[in-house]
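Visitor: In our numbering, the protein residues as written are 5 to 239.
(1) Just to confirm my understanding: we take residue 84, look at its own chain, exclude 5 residues before and 5 after, and list those with CB closer than 7 Å. What are they?
(2) What number of angstroms, rounded off, separates the C-alpha of residue 63 from the C-alpha of residue 163?
(3) Under three-state DSSP, which class holds residue 175?
(4) Please say whether residue 121 and residue 203 have beta carbons closer to each other than 7 Å?
(5) Pull up the CB-CB distance for residue 114 and residue 152, whole angstroms please, since I reckon it's below 8 Å.
(6) Once the 5 residues before and after residue 239 are set aside, which same chain residues still bring their CB inside 6 Å of it?
(7) Assuming residue 220 is part of the alpha helix (DSSP H), what are its boundary residues?
(8) Check for me: the alpha helix (DSSP H) holding residue 120 runs from which residue to which?
(9) My understanding is that residue 139 touches residue 58, with C-beta atoms under 8 Å, so please give their C-beta distance in whole angstroms.
(10) My guess is that residue 233 and residue 175 are in contact by the Cβ rule of under 8 Å, so how many angstroms apart are they, rounded?
(11) Are residue 98 and residue 132 closer than 7 Å when you measure CB to CB?
(12) Can you tell me which of 160, 149, 150 and 154 puts its alpha carbon nearest to the alpha carbon of residue 136?
(13) In angstroms, rounded to a whole number, what distance separates the CA positions of residue 208 and residue 81?
(14) Given a cut-off of 7 Å, decide if residue 214 and residue 199 are closer than it, judged by their beta-carbon atoms.
(15) Report all residues from its chain with a CB closer than 8 Å to the CB of residue 190; omit the five preceding and five following residues, and keep chain order.
(16) Cα separation between residue 79 and residue 211?
(17) Where residue 173 and residue 217 are concerned, what is the direct C-alpha to C-alpha distance, given to the nearest angstrom?
(18) Around the Cβ of residue 112, are there at least 16 other Cβ atoms within 10 angstroms (buried) or fewer (exposed)?
(19) Residue 143: buried (16+ other C-beta within 10 angstroms of its C-beta) or exposed?
So, in structure tokens, the structure goes:
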């Protein structure tokens, strides 16, 4: 039996950064992950192991997000992040970690992630470099065992690099706006748009009044006494 799913839902180039797109992708994920036999195909091509894992991760994330309050989700995000980037990250143990599988593709992906993270990006390539932002989030916050600690760390490093690039870009545009008009309206609207495109577990790590404060600053033309900065994006 073959199941056809949205060919863009779990492709490497899929962005999936809007709630409607995320909901559609999760619907496709249910079709994919619920199949215990047969081949899952996308435009006649079998889905990769990574795509099937992402499908399952999307379902688990949806269930988690629906079962927790925003405050609880923020705490859960902190706990999970600590596993691959905080005090509980054990580098030696992470290096020894091997997936519980005989799938050569998964074994190679895990090795690649360890090589990349341990060399600080100087050796090899990030195995998740082509995933969308939402897919990186799925990998990072999935502690079910589908991904090794260093795979989750590799996803985190890729996401961090992308967000730093975005922040630099939006601050540069905001600086030009401030010099030309003395205002930060477009800068803060860019921040709002970006925030609203984040998955729930990412939004939960921002102040609860993040959008309201920026809307207030825009409407009253009284944001900051100065040009925009990277720090102004997150607080």
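Where is the CB? At the ideal position from N, CA and C, for every residue including glycine.
Guide: The short version:
(1) Excluding the 5 residues flanking it on each side, residue 84 has same chain C-beta neighbours closer than 7 Å at 145 and 147, in chain order.
(2) Answer to the nearest angstrom: the Cα atoms are 21 Å apart.
(3) The answer is helix: DSSP assigns residue 175 an H, G or I state.
(4) No, the Cβ-Cβ distance between residue 203 and residue 121 is not below 7 Å.
(5) Confirmed, about 5 Å.
(6) By the criterion of a C-beta distance shorter than 6 Å, residue 239 is surrounded by no residue of its chain, once the five residues flanking it on both sides are discounted.
(7) For residue 220, the enclosing alpha helix (DSSP H) starts and ends at 214 to 224.
(8) For residue 120, the enclosing alpha helix (DSSP H) covers residues 108 to 122.
(9) That belief holds up - the Cβ atoms of residue 139 and residue 58 are roughly 6 Å apart, short of 8 Å.
(10) That belief holds up - the Cβ atoms of residue 233 and residue 175 are roughly 6 Å apart, short of 8 Å.
(11) Taking 7 Å as the Cβ cut-off, residue 98 and residue 132 do not qualify as a contacting pair.
(12) Of 160, 149, 150 and 154, the residue nearest in Cα terms is 160.
(13) Across the structure, residue 208 and residue 81 are spaced so that their CA atoms are roughly 8 Å apart.
(14) Contact: yes.
(15) Once the five neighbours on either side are set aside, the close Cβ partners of residue 190 are 177, 178 and 181.
(16) Approximately 13 Å between the Cα atoms of the pair.
(17) Using only the alpha carbons, I get a separation of about 22 Å.
(18) Result: exposed.
(19) Here residue 143 is buried: its Cβ has 16 or more other Cβ atoms, across all protein chains shown, within 10 Å.
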